[in-house]
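Enquirer:
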Amino acid sequence: MPLNTTICRKDILNPVWCLLLFFLLVGCSDQQEGMPSAQNEGKATLRIGLIPEIDIFSQKKRYEPLVKYLGGKLGVVVELKILSRYGNILNNFAADGLDGAFFGSFTGALAFKKLGVTPLARPEDKKGISTYYGMVFVRKDSHIKSAEDMKGKRCAFVDKATTAGWLLPLHFFLELGIEDYQHWFAETYFTGTHDNAIYDVLNSKADIGAAKNTVFNRLAAKDSRLREELEILSTSMPVPENALLVRPGLDESLVAELKKILLGMDQDPEGKEILAQFGAARFIETMAADYQVVLDFAEHIGLDMTNYNDDNN
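Each step along the sequence shown adds one to the number in this note's numbering, with nothing skipped, and position 200 is 199.
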């Protein structure tokens, strides 16, 4: 319902009442939008979780067309649930009634250990790449190169439940001889998303940062300052791109159909268009063995995945 501007003339309503009326109208509109439509009545609901890889609005914009497509093909309503932080996708999986989630490589490896999830598929780009790697970076004008240069500086991680934003930089620092990073750096903190870690270094809030290359590349395609002003100190081995994993006990026929639809999207004109919006060429099958590289890496740096505490403390 459009707001009639004449209703807010000073001689009719004061500004406070205009503001209240505006929010009332917007609220009613949102409520109607959120209500189940007639075509969705009686349909089953599939709840899919998302990690906060990038800001919530960009994340939602990227995944909504994909889940709408999947829902249409499956004949179910697919709901997105964006978690506030990486670790929440494990802690809140059952509490939020999630049927599946797009897990990162580390959260996926943890989910195998703690939740018994089943991997289905992950995206592959036009170059045939379905992995990502971690990056440690600084500003070019910081002149930071060595461990000694890093001493007393500020370091921005992403989250303790990420590979690129936590495990991989820890490994890099250990290789440099920094065993107690908390005392080596003047300040360490978690940004919550990869884009925040990147921009904190770009904008000199932090001196050193860590993030995944796929997010860096997407941002750099729109913001030339990233490649012009940031220097990559180290990159890691590749690990599986974010994949859809589903809970144990989910209807087997539904799981099989969901996997079939994902793997066949590139053969469907509509699916191909959705993939292009998503930034992928196709989905490929993903198996538990694909996460062994993360499990091996965690063991190498002494992390107990079964009892791992992913709180950012």
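The beta-carbon is built from N, C-alpha and C at its ideal position, and this holds for glycine as well.
From a predicted model like this one, the values you see are computed outputs, not experimental measurements.
Taking ARG84 and GLY191 to be in contact with their CB atoms under 8 Å, please state how far apart those CB atoms are, rounded to whole angstroms.
Expert: Confirmed, Cβ separation roughly 6 Å.
Enquirer: Compute the distance between the beta-carbons of ALA100 and PHE111, then report whether it is under 8 Å.
Expert: no
Enquirer: Which full runs of the alpha helix (DSSP H) of 4+ residues lie inside the stretch 51 to 78, going along the chain?
Expert: Runs of the alpha helix (DSSP H) inside the stretch 51 to 78: 55 to 73.
Enquirer: Excluding the 5 residues preceding and the 5 following TYR68 in the sequence, name in chain order all residues of the same chain whose CB lies nearer than 6 Å to its CB.
Expert: ILE273
Enquirer: Pull up the DSSP beta-bridge partners for ILE47, would you.
Expert: Residue pairing by DSSP places ILE47 opposite LEU79, GLY99 in a beta bridge.
Enquirer: Between which two residues does the beta strand (DSSP E) harbouring GLY191 extend?
Expert: GLY191 -> no beta strand (DSSP E), and no H or E assigned at all.
Enquirer: On the DSSP bridge list, what partners appear for GLU230?
Expert: VAL137
Enquirer: Check the C-beta distance from ALA43 over to VAL75 and give it rounded, since I have them as a contact under 8 Å.
Expert: Right, the Cβ-Cβ distance comes to about 5 Å (below 8 Å), so this counts as a contact.
Enquirer: If contacts are defined as beta-carbon pairs under 8 Å, then GLU63 and ARG138 qualify, I think. What distance do you get, rounded to the angstrom?
Expert: Not a contact, Cβ separation roughly 35 Å.
Enquirer: Do you know offhand how far LEU166's Cα is from LEU97's?
Expert: 26 Å
Enquirer: Using the Cα positions of VAL208 and ASP194, report the straight-line distance between them to the nearest angstrom.
Expert: The sequence given here has Gly at residue 208, not Val. Using only the alpha carbons, I get a separation of about 10 Å.
Enquirer: Are three or more beta carbon pairs between the stretch 167 to 179 and the stretch 240 to 248 nearer than 8 Å?
Expert: no
Enquirer: State the CB to CB distance for the pair ILE283 and GLU123, rounded to an integer number of angstroms; the pair is presumed to be in contact (CB under 8 Å).
Expert: 5 Å
Enquirer: Report the residue from ALA288, ASP289, ASP265 whose alpha carbon sits nearest the alpha carbon of ALA279.
Expert: ASP265
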